[in-house]
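Since the structure comes first, as structure tokens, the remarks are kept for the end.
Chains as they are written, first to last, in this note's numbering: chain A, 1 to 411; chain B, 1001 to 1115.
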């Protein structure tokens, strides 16, 4: 099978959501052209553009513009196209990981040689919601927000409380741990020129922020934001001609909903019948296990991680799932500060979604961009001090959408 | 037919091992279950769902049929809630607009909490 690698990556600074200018398409085009320029490529050299669709303002829940579902085609014609293949991907917060994995699979299969993976978002402010529309009144996922008032943070809060319970600890314990995660992530956000928030928080400040739904406080939840990113991926032979530091894509796994997942999943009313797995977050773990298998490695080989922290519980949970160890070990790792740049297992040296906010349909590109910089030793003040070879990026989204990407130095 | 249970009702089974040889049947779920986890929401939702006024409590309840269902809880008093406690289904008013009352399902604690 052909090997593949990242040749170049570019992201915009993440900003407050809701600003109409520059338009999303302009932002997408700027960052796409920047990624091509860094790879010394022209649009003509690109065989396929794979884009994620955007989350639009849902003042009217039944309204989704057809244009937002066709970013790939619109971008191709905007930057100049010789007939490049255009693919639009959607998978909630995991969208760009799935787009990235799609590009990787197309290259590894030999169908194409070079792909441009892009995403951009200008997410609506406040709680996300799914609502029934005239054209799509799905009982299972369309009504929970309307009938029960459940929000994404409600699910996360219930998971966090349940984890503390299963570990025999008071809920204050996980609350304090989540605050510490926010503090550590913020230390790196402060050093990242692309992050929306560059303030370093203290545990006290986080715990003094308003309670959204206990044990989650406001500062533990990522604000919806705006951002865009682009990554050029090519087959290894070509990548080596374009850069002396190609970052190999050792694995790109796409995860989906598992019917026996024991934990209630966003944005469903209920878990599925037909038997439940013993361990919660089985569907999170499954995406990672597949990636380990593809790459032929184990958790011990991971030097650095970028994990999708829509809220601070998810950082903790992703470490639990990626390491597959007793949950107590995750708590110790974080409490000892071992996830910092000089620690045993650096996590989210980008500053994470905690510092960026979340441009939903673009977030995995931000994380892959950081791993690209870290492995190449180009992360400046955020650079991990240990020797890096292998990095893991995990993306998580509603409806059971997951991606796990493993990258490796190829020089 | 695989005998798998799901909520809410659907026109097809959601068990990946089902052979779909029969139409799904509608059954009544048990009115009692065990509290799997919970949270108390401190923000109102925005329009058109701003009838969800804070504070309100959300719970995930494990039913004897083997599924976990999310729903509103009748109390927002954290002292009265505990993971693992028994809760019972109760239909109640979510809001009314003067003309109509809009009902939803709640879960109510059926035991005293000793914390």
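Heads up, the beta-carbon is just placed ideally off N, CA and C, and yes, glycines get one too.
Note that this is a predicted model, so its numbers are computed, not measured.
Contact list for the stretch 305 to 331 of chain A against chain B, Cβ threshold 9 Å: Look at the stretch 305 to 331 of chain A: it has no residue with a C-beta under 9 Å from a C-beta of chain B.
Alpha-carbon to alpha-carbon, residue 143 of chain A and residue 328 of chain A: Walking along the first chain from the start, residue 328 of chain A turns up at place 328. Walking along the first chain from the start, residue 143 of chain A turns up at place 143. Straight across, the Cα-Cα distance linking residue 328 of chain A with residue 143 of chain A is about 36 Å.
C-alpha distance - residue 180 of chain A paired with residue 1072 of chain B, whole-angstrom precision: If you number the first chain from 1, residue 180 of chain A lands on position 180. If you number the second chain from 1, residue 1072 of chain B lands on position 72. Straight-line Cα distance between these residues: approximately 30 Å.
Host beta strand (DSSP E) of residue 226 of chain A (start-end): Counted from its first residue, the first chain places residue 226 of chain A at position 226. Where residue 226 of chain A is concerned, the enclosing beta strand (DSSP E) stretches over 225 to 235.
Closer than 8 Å to chain B by CB, residue 85 of chain A: Along the first chain, read from residue 1 onward, the residue named residue 85 of chain A stands at position 85. Interface flag for residue 85 of chain A against chain B is unset, since no Cβ pair is found closer than 8 Å.
Interface flag, residue 281 of chain A vs chain B, CB-CB below 8 Å: By one-based count along the first chain, residue 281 of chain A stands at place 281. No, residue 281 of chain A lies away from the interface with chain B (no Cβ there is under 8 Å from its Cβ).
Neighbour flag for residue 158 of chain A against chain B, beta carbons, 8 Å: Your numbering for residue 158 of chain A matches position 158 in the first chain. Yes, residue 158 of chain A counts as interfacial toward chain B.
Cβ contact (3+ pairs, closer than 8 Å) linking the stretch 119 to 139 of chain A and the stretch 236 to 243 of chain A: Fewer than three Cβ pairs drawn from the stretch 119 to 139 of chain A and the stretch 236 to 243 of chain A lie within less than 8 Å of each other, which leaves the two stretches out of contact.
Environment of residue 204 of chain A [buried if 16+ CB atoms lie within 10 Å]: Taking the first residue of the first chain as position 1, residue 204 of chain A is located at position 204. Counting Cβ neighbours within 10 Å, residue 204 of chain A comes out exposed, since fewer than 16 surround it.
Per-residue contacts from residue 272 of chain A into chain B (C-beta, under 8 Å): Translated into the one-based positions of the first chain, residue 272 of chain A becomes position 272. The answer, in chain order, is 1004, 1006, 1014, 1015 and 1067.
Cutoff 8 Å: residue 98 of chain A Cβ touching any chain B Cβ: Taking the first chain and counting its residues from 1, the one referred to as residue 98 of chain A is at position 98. Chain B has no Cβ within less than 8 Å of the Cβ of residue 98 of chain A.
Residue 228 of chain A and residue 2 of chain A closer than 8 Å at C-beta: Within the first chain, numbered from 1, the residue matching residue 228 of chain A stands at position 228. Within the first chain, numbered from 1, the residue matching residue 2 of chain A stands at position 2. Cβ atoms of residue 228 of chain A and residue 2 of chain A: not closer than 8 Å.
Residue nearest to residue 120 of chain A in terms of C-alpha spacing, selected from A:363, A:317 and A:407: To locate residue 120 of chain A, count along the first chain from 1; it is residue 120. Of the listed residues, the one whose Cα sits closest to residue 120 of chain A is A:363.
Three CB pairs or more closer than 8 Å across the stretch 286 to 296 of chain A and the stretch 102 to 110 of chain A: No, the stretch 286 to 296 of chain A does not touch the stretch 102 to 110 of chain A.
With 16 other Cβ atoms within 10 Å as the buried cut-off, status of residue 137 of chain A: Here residue 137 of chain A is taken as the residue at index 137 of the first chain, counted from 1. With fewer than 16 other Cβ atoms within 10 Å, it is exposed.
Local conformation of residue 81 of chain A per DSSP, three classes: For the purposes of this step, residue 81 of chain A is taken as the residue at position 81 of the first chain. Note: residue 81 of chain A maps to coil in three-state DSSP.
Within 7 Å of chain B by C-beta, residues of the stretch 240 to 268 of chain A in sequence order: Of all residues in the stretch 240 to 268 of chain A, 259 and 264 have a Cβ within less than 7 Å of some Cβ in chain B.
Residue 1098 of chain B to residue 369 of chain A span [Cα, whole Å]: The sequence position of residue 1098 of chain B within the second chain is 98, counting from 1. The sequence position of residue 369 of chain A within the first chain is 369, counting from 1. Taking the straight line joining both Cα atoms gives about 54 Å.
Within chain B, the residues that residue 126 of chain A reaches when beta carbons sit closer than 8 Å: Taking the first chain and counting its residues from 1, one reaches residue 126 of chain A at position 126. Neighbours of residue 126 of chain A on chain B, chain order: 1046.
Start-end ranges of the beta strand (DSSP E) lying completely within the stretch 1077 to 1102 of chain B, minimum 3 residues: 1086 to 1096, all fully within the stretch 1077 to 1102 of chain B.
Buried or exposed (CB count within 10 angstroms, at least 16 for buried), residue 82 of chain A: For this step, residue 82 of chain A is matched to residue 82 along the first chain. By the Cβ neighbour-count rule, residue 82 of chain A is exposed, with fewer than 16 other Cβ atoms within 10 Å of its own.
8 Å Cβ cutoff, residue 1070 of chain B in contact with chain A: Sequence index remark: in the second chain, residue 1070 of chain B carries index 70 (1-based). Taking a beta-carbon distance threshold of 8 Å, residue 1070 of chain B counts as an interface residue toward chain A.
Residues of the stretch 1031 to 1061 of chain B whose Cβ lies closer than 7 Å to any Cβ of chain A, in chain order: Look at the stretch 1031 to 1061 of chain B: the residues with a C-beta under 7 Å from a C-beta of chain A are 1036, 1037, 1038, 1039, 1040, 1041, 1042, 1043, 1045, 1046, 1049, 1052, 1056, 1058 and 1060.
Closer than 8 Å to chain B by CB, residue 116 of chain A: To locate residue 116 of chain A, count along the first chain from 1; it is residue 116. Not an interface residue.
Residue nearest to residue 1038 of chain B in terms of C-alpha spacing, selected from A:338, A:366 and A:148: Numbered from 1 along the second chain, position 38 holds the residue referred to as residue 1038 of chain B. The residue with the shortest Cα to Cα distance from residue 1038 of chain B is A:148.
Residue 1027 of chain B: contacting residues in chain D (beta-carbon distance under 8 Å): Looking for chain D here will not work: the only protein chains present are A and B.
Neighbour flag for residue 1086 of chain B against chain A, beta carbons, 8 Å: In the second chain, the residue the question calls residue 1086 of chain B occupies position 86. No, its Cβ sits nowhere closer than 8 Å to a Cβ of chain A.
Residue 248 of chain A, DSSP secondary structure in three states: For the purposes of this step, residue 248 of chain A is taken as the residue at position 248 of the first chain. Three-state result, residue 248 of chain A: strand.
Rounded straight-line distance, which links the Cα of residue 332 of chain A to that of residue 31 of chain A: Taking the first residue of the first chain as position 1, residue 31 of chain A is located at position 31. Taking the first residue of the first chain as position 1, residue 332 of chain A is located at position 332. Their Cα atoms are separated by approximately 39 Å.
Interface residues of chain A facing residue 1009 of chain B [CB-CB closer than 8 Å]: Sequence index remark: in the second chain, residue 1009 of chain B carries index 9 (1-based). In chain order: 139.
Unbroken beta strand (DSSP E) run spanning residue 121 of chain A, endpoints: Taking the first residue of the first chain as position 1, residue 121 of chain A is located at position 121. Unbroken beta strand (DSSP E) run through residue 121 of chain A: 114 to 122.
Burial state of residue 1033 of chain B (16 or more Cβ within 10 Å): Against the second chain, residue 1033 of chain B aligns to sequence position 33. Around the beta carbon of residue 1033 of chain B, 16 or more other beta carbons lie within 10 angstroms, which makes this residue buried.
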